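Colleague: I'd like to ask you about the structure that follows.
Residue numbers (the working numbering): 88 to 537.
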């Protein structure tokens, strides 16, 4: 028993998962010793039973167990690629461990020893990931289709789409959550979401070399903060987590969380250390109301939220100058990027001067395991679409999307002039029957409409 409150008892199981039991359902209690925690071989057996022996591949490098959940059989070359890939993922997670611990020690976090293996699940199939996400989250929070990866407080596992491992940005963000809740914070404690996401965004980097930590200025979030500089009250996210669980608002909330966390860790280091120490003492299923959260914040830091927010602009400008941060957007004007279904597309809008829009660009196969066949559509708000079939694209290969105008009517959509469009990517294994159908012209058509 690790906590009680809000009508539940929280039981930590031998495998590291937390089981919530309604207090009213408990008829008798017997005091027994703590179970021996699961080890890496035991966790590997558990995951094999859950996903099927033929579907999982493992790489263990203490304290991590990386598990790849496959979307079908691999040939000999594919198995070799899979082995190399999960070794790379394991090395990356080990690097995360070192970077996090260096920062935590520099900030005098109260660090505890790990009790369980740290699990990373990588799903090759988006459909499999979304099914697992729906099950693990119970459908709460951001919809599964809009989640790139997540750390579950109940299972203690980190799960990501394989497509996010092209840069490892998402696994890095979620691994920081896993580190915090296994080394510093108590799972199911009332930790404000802004702090959770603020420290995780502080570590975000682009690529496998982790060269960013929360004291540094993140160019992307600093650039986005300029757009949100006015009209947003920091007290909103300090007192309430709601913005982080809405599909529409979450992006802005994460930017604000980065701003707030950066301000605290760089301008109020001593109080920040006290605040983290206080959060580490919060117990599972305890309650912390909105007013209490705001009061705890202002009492710990000795300033009102408004005072801190008013000081952010000058502080970030100074940080940008001192660290020589380039705030230019790396995305070229007129280009759109999209990642779906193991494909990464970069397209540029083109037009024909008659109210129709189209695109040209390129697609990269971001599956490290197998060749894929892709079906790409651009679908305009004016009810037209263009499509491409891109067969037999090898792992990491980039192919061109030749210029096309969206002049096919989307079934069920109202047609008219438009300059805006969405990009949709669908993919299947290159050797699959569906791939042969697409190459023969039997394609699924647009996503929107009907």
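The C-beta atom is built at its ideal place from N, Cα and C for all residues, glycine as well.
Predicted, not measured: the structure shown is a model, and the values here were computed from it.
On the CB-based measure, 16 or more other CB atoms within 10 Å of its CB, does residue 366 come out buried or exposed?
Modeller: buried
Colleague: Below 7 Å between beta carbons: does that hold for residue 516 and residue 493?
Modeller: no
Colleague: By DSSP, does residue 263 sit in helix, in strand, or in coil?
Modeller: helix
Colleague: By the DSSP assignment, the beta strand (DSSP E) with residue 407 in it spans what residues?
Modeller: Counting along the chain, residue 407 falls outside any beta strand (DSSP E), though it belongs to the alpha helix (DSSP H) covering 392-410.
Colleague: Which residues mark the beginning and the end of the alpha helix (DSSP H) in which residue 364 is found?
Modeller: Segment 356-367, the alpha helix (DSSP H) holding residue 364.
Colleague: Using three-state DSSP, classify residue 502 as helix, strand or coil.
Modeller: coil
Colleague: With distances taken between CB atoms, is the gap from residue 377 to residue 327 smaller than 7 Å?
Modeller: yes
Colleague: Going by alpha carbons, who is nearest to residue 122 out of 388, 302, 102?
Modeller: 102
Colleague: Would a C-beta distance cut-off of 7 Å place residue 250 and residue 465 closer than the cut-off?
Modeller: Against a cut-off of 7 Å, the Cβ pair of residue 465 and residue 250 comes out as no contact.
Colleague: In whole angstroms, what is the alpha-carbon distance linking residue 219 and residue 398?
Modeller: 43 Å
Colleague: Mind checking residue 239: buried by the 16 CB within 10 Å criterion, or exposed?
Modeller: buried
Colleague: Based on the DSSP secondary-structure assignment, which residues constitute the bridge partners of residue 152?
Modeller: 147, 206
Colleague: Determine whether the beta carbon atoms of residue 255 and residue 179 lie at a separation below 7 Å.
Modeller: Pairing residue 255 with residue 179 gives a Cβ-Cβ distance under 7 Å.
Colleague: Tell me which same chain residues have a C-beta within less than 7 Å of the C-beta of residue 444, skipping the five on either side of it?
Modeller: Excluding residues within five positions, the ones whose Cβ falls inside 7 Å are 436, 438, 467, 493, 505, 506, 508.
Colleague: Buried or exposed for residue 141, please, with buried defined as at least 16 other CB atoms from any protein chain shown within 10 angstroms of its CB.
Modeller: exposed
Colleague: Going by the beta-carbon positions, is the gap between residue 342 and residue 308 smaller than 7 Å?
Modeller: yes
Colleague: Can you give the Cα-Cα distance for residue 459 and residue 143, rounded to whole angstroms?
Modeller: 20 Å
Colleague: Looking only at its chain, what residues have a beta carbon closer than 7 Å to the beta carbon of residue 361, apart from the 5 residues adjacent to it on each side?
Modeller: 387
Colleague: Note the first and the last residue of the continuous beta strand (DSSP E) segment covering residue 460.
Modeller: 459-467
Colleague: On a CA-only basis, which of 469, 311, 245, 351 is nearest residue 325? Give me that one, please.
Modeller: 351
Colleague: Do the stretch 200-210 and the stretch 227-234 make contact, defined as three or more Cβ pairs closer than 8 Å?
Modeller: no
Colleague: Since residue 431 and residue 491 are thought to touch, with beta carbons under 8 Å apart, how far apart are those beta carbons, to the nearest angstrom?
Modeller: Going by Cβ atoms, the distance from residue 431 to residue 491 rounds to 19 Å, so no, they are not a contact pair.
Colleague: Could you have a look at residue 250 and say whether DSSP puts it in helix, strand or coil?
Modeller: helix
Colleague: Residue 373 and residue 277: beta carbons closer than 7 Å?
Modeller: yes
Colleague: Buried or exposed for residue 583, please, with buried defined as at least 16 other CB atoms from any protein chain shown within 10 angstroms of its CB.
Modeller: Outside the modelled stretch of the chain, which goes from 88 to 537, sits residue 583, for which no answer is possible.
Colleague: Relative to the C-alpha of residue 177, which candidate in 157, 222, 153 has its C-alpha closest?
Modeller: 153
Colleague: How is residue 441 classed by DSSP in three states: helix, strand or coil?
Modeller: coil
Colleague: I'd like the list of long-range same chain contacts for residue 174, defined as Cβ closer than 7 Å, with 5 residues on each side in sequence excluded.
Modeller: Result list for residue 174: 146, in chain order.
Colleague: I need the DSSP call for residue 274, collapsed to helix, strand or coil.
Modeller: coil
Colleague: What is the DSSP secondary structure of residue 300, counted as helix, strand or coil?
Modeller: coil
Colleague: Hey, which unbroken runs of the alpha helix (DSSP H) at 4 residues or more fall wholly within the stretch 116-191?
Modeller: Taking only runs of at least 4 residues, the alpha helix (DSSP H) segments lying wholly in the stretch 116-191 are 127-138.
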